[in-house]
Each structure stands twice: as structure tokens, then as C-alpha cells.
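Here's the structure, in C-alpha cells; my notes come after.
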Amino acid sequence: MCSDIAIRVDSLSKRFEIFDQPRDRLKQMLIPRIQRGLGKPPSQFFKEFWALNDVSLEVRRGDTVGIIGRNGSGKSTLLQIICGTLTPTLGSVEVKGKVAALLELGSGFNPEFTGRENVYLNASLYGLTDEQVHERFSSIENFAEIGEFIDQPVKAYSSGMMVRLAFSVIAHVDADILVVDEALSVGDAIFTQKCMRFIRSFQKRGTLLFVSHDASAIQNLCKSAIWLSNGKVRKTGSATAVSDAYFKYSLQEIYGNEAKLIDLDNERSHDNSFATEQEELRDNIQIYDSEYTIKNNLCDANGWTTGKAKITSVEVLDVSGKALTLCQGGEYVRVRICAEAYCNFQQPILGFLVKDRLGQDLFGENTLPFTAIEQKPVQAGQKITAEFGFELPMLPDGQYALMSSFADGDLRSNVQHHWLHDAAIIHVSSSKVRWGLVGLQFRQIELKIS
Numbered sequence: 001m002c003s004d005i006a007i008r009v010d011s012l013s014k015r016f017e018i019f020d021q022p023r024d025r026l027k028q029m030l031i032p033r034i035q036r037g038l039g040k041p042p043s044q045f046f047k048e049f050w051a052l053n054d055v056s057l058e059v060r061r062g063d064t065v066g067i068i069g070r071n072g073s074g075k076s077t078l079l080q081i082i083c084g085t086l087t088p089t090l091g092s093v094e095v096k097g098k099v100a101a102l103l104e105l106g107s108g109f110n111p112e113f114t115g116r117e118n119v120y121l122n123a124s125l126y127g128l129t130d131e132q133v134h135e136r137f138s139s140i141e142n143f144a145e146i147g148e149f150i151d152q153p154v155k156a157y158s159s160g161m162m163v164r165l166a167f168s169v170i171a172h173v174d175a176d177i178l179v180v181d182e183a184l185s186v187g188d189a190i191f192t193q194k195c196m197r198f199i200r201s202f203q204k205r206g207t208l209l210f211v212s213h214d215a216s217a218i219q220n221l222c223k224s225a226i227w228l229s230n231g232k233v234r235k236t237g238s239a240t241a242v243s244d245a246y247f248k249y250s251l252q253e254i255y256g257n258e259a260k261l262i263d264l265d266n267e268r269s270h271d272n273s274f275a276t277e278q279e280e281l282r283d284n285i286q287i288y289d290s291e292y293t294i295k296n297n298l299c300d301a302n303g304w305t306t307g308k309a310k311i312t313s314v315e316v317l318d319v320s321g322k323a324l325t326l327c328q329g330g331e332y333v334r335v336r337i338c339a340e341a342y343c344n345f346q347q348p349i350l351g352f353l354v355k356d357r358l359g360q361d362l363f364g365e366n367t368l369p370f371t372a373i374e375q376k377p378v379q380a381g382q383k384i385t386a387e388f389g390f391e392l393p394m395l396p397d398g399q400y401a402l403m404s405s406f407a408d409g410d411l412r413s414n415v416q417h418h419w420l421h422d423a424a425i426i427h428v429s430s431s432k433v434r435w436g437l438v439g440l441q442f443r444q445i446e447l448k449i450s
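When the count follows full-length UniProt numbering, it moves up by one through the sequence shown with no breaks and lands on 450 for the last residue.
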């Protein structure tokens, strides 16, 4: 296999045998053998289901490739064969490098073992020695953030806790290829943000296969994509082109536009090389588990600090100053950031940034651009508070992470002293946003017929 190819799949097919009744399995084991011995054609007591049918693709080293398709399209089967947990019926798979995978919940875990025991067990499957796991265990435990449950049997874990532990392990096994199925969809907003930061960091050095039903997630993370349908490759190409085709097909299935369905069936990109450039990573910040806890929405914040300043609280408030638990687009919101200086600062800057579940920057602000604010130096031991009042944009339903920072300097040159990734979570409920990242407050919509 070429040195720049990480994964090569050639004419891959996978057949499953479906038995109507348990006794048919015994019949299949015995009767065909007897029939062959008598020179008769063997009978078949099962139905064939081809989960994959003649799938071929190549993924280059360092690429991020999305796999999209409906339930039952063969996505998980393909990933399991690539990871080596299933064997193909026909065809071949070549993988160059260590593969770490987050597939179905609980895979690789013994439900009777504790979380601690399962960390050692799961990590050993990736080739780590007990000594290596022992050295990394503290970091794995901090990443998972499941507290005392680390010493409880995994069978008592919720699905979210299971994902936390599983992802924490694969984040510490020095993988060359990372495979992420849709298991992340069960995680909470804070942990999802942490996982997305790790994934974006991993993209700089490794190969990523990312599976999702969410076309926007595929387009945001991936340059290339594969659309699987009924076990076959329906389309390959850029993430945008494949996602658009998948979305178009899904709509046509809903509305029954048969003519266009036939036309789309004939569309096929033959570019299987996925020779695309790695997208630039916006976040170049080293992530570590912070000791600081922000008491807004009971969120634990991760980030980094120089030790010269500390953000002590971040609050999301309504117009009357009460803590907000649920926001709506167009609502007046106040973000209050309190911090403490441990040394002298000539021009302190407090700011925030709101991100969606994929880690995309949506909006934010800091105190620097506002000339109406008198910039005063801060002495060591003094406290500083910044408050931002604004109308919340029209956002789709969901949870949004608020990042907060304390810096010193000006527009051209400034130094970050405390950075919190998930200082608060904003819960948004809005029935007005149906498409896109944000919505607009339309003043007028007219429809004229002449």
C-alpha cells in the first residue's frame, strides 16, 4: 500500500445470515454436510442480508473523511471491518497505523468490571502496557470526569458516562487513525465540547473517520465524504457536495418525487482518492483539565492559565439580574464576568465567545473595542467585573457553550492570562429558527400574485 494511504478498502462485501428460527442454525450446520456427502446440492436455511456490497475507497494519511447515510446503510458495519472487529465476506481492507474507535456504546468494556478495571482492559486492547496505562490514568480519569463512579461497575453507568469513559481512553492511546461513530450524540454539552476540541486537535496529526446523520457536522469537520445507501457507495467527493446530495435525496424520499430520485440515482462521483488538504485548525491552544469550577449551570470549565489572573465567576442573567435557565432568541441577556488579578495589569480585557455543539464560533465580544469604557490599570489583589448586555440572536434549539477569557494589552498585542472553554452553558428554546446557524427577526414578508 502506498505510504500516504492510511486506509484502502477494495471490493468489500459483508453478508449476514438471518435465521427465522433458532433450530434453523442447527439445520444449517448438519444437513448441508450430509447432503454434500450424498452428492446432493446443499440446502440453505437462512436468508442472506448484504450489509455491504462491493465497497471500495481510499483514505489518505491526515485526511478527515465523513461517512453519511441512513440507519441500516452499512456505516457501522464498514467501520467495524476497518477496525478489525468484523471480518469481510468478500474483498479486502488494508489499514496502516493504530486505529482507535468509538463505536457502539459499551464496546470493549466488561459490564461487570469497574470503570478503572475497564480502562486497563480497553487500553490493553490498543497495545498499551499496564505501566503506560498507570502513567496516563490520572489524565484519563480527569478527561472522563465521572468522579467516584470510576470505581463502580460499568453496568451501572448511564449512556453518557459510558461515552465519557470510552472517549477518554481512545484520546490517550496515541492512535494514528481515529474512528468516531454517532455515539457522541448521547453526551452532554460540556463533554461534547471537550471531545470536539480533542478531535480538532487530532486532525492536525492523524486520520479521522467521522460518522454522522448530521450533514452540518460532516461539512464542518470534513473536507471529503462518503454517502452509503443500502450497503453501496452512493456518492463520494467533497463534504459539501455529498451532504447536499444526501439532503436532496432525503427530501425527495419524503415528498415522493420519483423522477428526481431516478436522476439522482445516476449521479456518482468517481473520485475515491480523497486527496484533499487538511483544513486549518482554529484552536491552537493546549488543553488541560482546570482546577477552576464556574458555578453557573453547574458547569466544570476546562482551559488554561498563566497563574497571574483568575476568572472567578461567569453568569448569564436576564434583564432583572436573575440567572437564566432557558433563553429565547430576541431576549435581552446579560453576561457578567468577574475576575481577580494576582499581579498588576495596565489594560485588562474581559471577553466571551459563544460556540455551538460543533465548536463553531457564533458570536462574542470583549471590553477592548468600547471607547466609552475608561481603561484603568488594575493592581494585584483587585477584582474586576465586566458586564455585556445584548439581545440574544435567534438560535436553533439546543445548548451553547460560553467561553470566557481574561487578557491584558491592546488590539495589536495582548496576552491571555486565563481562558475557560466551557464557563457556562446557554440553553436555547426557539421555535422560530428552522434552518441554518442563526435566524433573523423579519420585519416584513410579502407574497404577491399577479
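We put the beta carbon where it would ideally sit given N, CA and C, even for glycine.
Fill in: Spatial distance of ASN414 from ALA407 (CA atoms)
If you number the sequence shown from 1, residue 414 lands on position 414. If you number the sequence shown from 1, residue 407 lands on position 407. ALA407 has its alpha-carbon roughly 7 angstroms from the corresponding atom of ASN414.
Problem set entry | Residues near MET161 in its chain [Cβ-Cβ closer than 7 angstroms; skip 5 each side] | In the sequence shown, the residue the question calls residue 161 occupies position 161. For MET161, same chain residues with a beta-carbon under 7 angstroms away, outside a window of 5 residues either side, are ILE146, PHE149 in chain order.
Item to complete: Step through the CB atoms of chain D and report whether any lies within less than 9 angstroms of the CB of SER450.
Response: Absent here is chain D; the protein component of the structure consists of one chain.
Reference LEU57; option with closest CA among SER124, LEU79, PHE49: Position 57 of the sequence shown, counting from 1, holds the residue named residue 57. Scanning SER124, LEU79, PHE49 for the CA closest to the CA of LEU57 turns up LEU79.
Legend entry - Cβ neighbours of ASN110 in the same chain (closer than 8 angstroms, five flanking residues each side left out): For the purposes of this step, residue 110 is taken as residue 110 along the sequence shown, with counting starting at 1. Apart from the 5 residues on each side of it in sequence, ASN110 sits with its Cβ closer than 8 angstroms to the Cβ of GLU117, ASN118, LEU121, VAL154 in its chain, given in chain order.
Where ALA419 falls, given that 16 or more other Cβ within 10 Å makes a residue buried: Counting from one through the sequence shown, the residue named residue 419 turns up at place 419. First, the amino acid is wrong: residue 419 is Trp here, not Ala. So TRP419 counts as buried.
**Prompt:** Once you ignore the five residues that flank ALA245 on each side, which residues in its own chain have a CB closer than 6 angstroms to its CB?
**Reply:** Your numbering for residue 245 matches position 245 in the sequence shown. Closer than 6 angstroms at the Cβ level, and outside the excluded window around ALA245, lie LYS235.
Query raised in the report: What is the residue span of the alpha helix (DSSP H) that ALA339 lies within?
Result: If you number the sequence shown from 1, residue 339 lands on position 339. In this chain, ALA339 is not harboured by any alpha helix (DSSP H); it is covered by the beta strand (DSSP E) spanning 332–341.
| task | Identify, in the order they occur along the chain, each residue of the same chain with its Cβ nearer than 6 angstroms to the Cβ of VAL180, setting aside the five sequence neighbours on each side. | result | Here residue 180 is taken as the residue at index 180 of the sequence shown, counted from 1. Excluding positions up to five away in sequence, the list reads LEU102, PHE210.
For a test of the three-state rule: what should DSSP assign to SER201, helix, strand or coil?
Taking the sequence shown and counting its residues from 1, the one referred to as residue 201 is at position 201. In the three-state reduction of the DSSP assignment, SER201 falls in the helix class, which pools H, G and I.
message = Are the CB atoms of ILE31 and SER13 within a distance shorter than 9 angstroms?
response = As a position in the sequence shown, residue 13 is number 13, starting the count at 1. As a position in the sequence shown, residue 31 is number 31, starting the count at 1. In this structure, ILE31 does not lie closer than 9 angstroms to SER13 by Cβ.
Limits of the beta strand (DSSP E) - the one that VAL438 falls within: Taking the sequence shown and counting its residues from 1, one reaches residue 438 at position 438. Looking at the DSSP string, VAL438 is not in any beta strand (DSSP E), and its letter there is neither H nor E.
Q) How many Å lie between CYS222 and ARG61 at the Cα? A) The count along the sequence shown starts at 1 and reaches residue 222 at position 222. The count along the sequence shown starts at 1 and reaches residue 61 at position 61. Approximately 14 angstroms, taken between the alpha carbons.
* Beta-carbon spacing of LYS40, PHE19 below 9 angstroms -> If you number the sequence shown from 1, residue 40 lands on position 40. If you number the sequence shown from 1, residue 19 lands on position 19. With contacts defined by Cβ atoms closer than 9 angstroms, LYS40 and PHE19 do not form a contacting pair.
**Report entry** Nearest-angstrom Cβ-Cβ length linking LYS194 and ASN53, presumed shorter than 8 angstroms
**Finding:** The count along the sequence shown starts at 1 and reaches residue 194 at position 194. The count along the sequence shown starts at 1 and reaches residue 53 at position 53. With 8 angstroms as the limit, LYS194 and ASN53 do not qualify as a contact, their Cβ atoms being about 38 angstroms apart.
### Closest by C-alpha distance to ILE384, when choosing among ASP361, ALA339, MET29, GLN328
Translated into positions along the sequence shown, residue 384 becomes position 384. Checked all of ASP361, ALA339, MET29, GLN328; the closest Cα to ILE384 is ALA339.
Can you list, in chain order, the residues of its chain with a C-beta nearer than 6 angstroms to that of GLY91? Leave out the 5 residues immediately preceding and following it.
Translated into the one-based positions of the sequence shown, residue 91 becomes position 91. These residues qualify, in order along the chain: ASP10, SER11, LEU12, SER13.
Go to ASP130, then tell me how far its alpha helix (DSSP H) extends in each direction, as first and last residue. In the sequence shown, the residue the question calls residue 130 occupies position 130. Start and end: 130–144.
Would you list the residues sitting across from ALA401 in a DSSP beta bridge? Along the sequence shown, one-based indexing puts residue 401 at 401. For ALA401, which the question treats as bridged, DSSP gives the partners LYS355, ILE425.
Exercise. Since ASN122 sits in a beta bridge, which residues does DSSP pair it with?
Worked result: Translated into the one-based positions of the sequence shown, residue 122 becomes position 122. In the DSSP assignment, ASN122 forms no beta bridge with any residue.
Open item on the list: Report the CB separation of VAL242 from ALA217 in whole angstroms; it is logged as a contact under 8 angstroms.
Closed with: The residue given as residue 242 occupies position 242 in the sequence shown. The residue given as residue 217 occupies position 217 in the sequence shown. Not a contact, Cβ separation roughly 13 angstroms.
In terms of alpha-carbon separation, which member of GLN382, ILE34, ILE177, GLY237 lies closest to ILE82? Within the sequence shown, the letter at position 82 stands for residue 82. Considering only alpha carbons, the answer is ILE177.
What does the Cβ neighbour count give for TYR332, buried or exposed, with the cut at 16 atoms within 10 Å?
The residue you call residue 332 lines up with position 332 of the sequence shown. Looking at its Cβ environment, which holds fewer than 16 other Cβ atoms inside 10 Å, TYR332 is exposed.
Quiz item: If you run the structure through DSSP and keep just helix, strand and coil, what is THR192?
Solution: Sequence index remark: in the sequence shown, residue 192 carries index 192 (1-based). Helix, per DSSP.
Roughly how many angstroms separate the alpha carbons of GLY409 and PRO393, rounded to a whole number?
As a working note, residue 409 is residue 409 in the sequence shown. As a working note, residue 393 is residue 393 in the sequence shown. One alpha carbon belongs to GLY409, the other to PRO393, and they sit about 29 angstroms apart.
Suppose contacts are defined by Cβ-Cβ distances below 9 angstroms. Is GLY329 in contact with LEU395 by that definition?
Translated into the one-based positions of the sequence shown, residue 329 becomes position 329. Translated into the one-based positions of the sequence shown, residue 395 becomes position 395. Against a cut-off of 9 angstroms, the Cβ pair of LEU395 and GLY329 comes out as a contact.
Would DSSP call GLN416 helix, strand or coil?
-> In the sequence shown, residue 416 corresponds to position 416, counting from 1. Reduced to three states, the DSSP call for GLN416 is strand.
| message | Is it buried or exposed, HIS172, if we count other Cβ atoms within 10 angstroms and call 16 or more buried? | response | The count along the sequence shown starts at 1 and reaches residue 172 at position 172. Around the beta carbon of HIS172, a 10 Å sphere encloses 16 or more other beta carbons of the protein chains shown; the residue is thus reported as buried.
| request: May I ask which residues mark the beginning and end of the beta strand (DSSP E) holding LEU90? | output: In the sequence shown, the residue the question calls residue 90 occupies position 90. Taken as a continuous stretch (DSSP letters only), the beta strand (DSSP E) holding LEU90 covers 90–95.
| query | Could you give the uninterrupted runs of the alpha helix (DSSP H) lying entirely in the segment 15–88, keeping only those of 4 residues or more? | reply | Listed in chain order, the complete alpha helix (DSSP H) runs (minimum 4 residues) inside the segment 15–88 are 22–37, 75–83.
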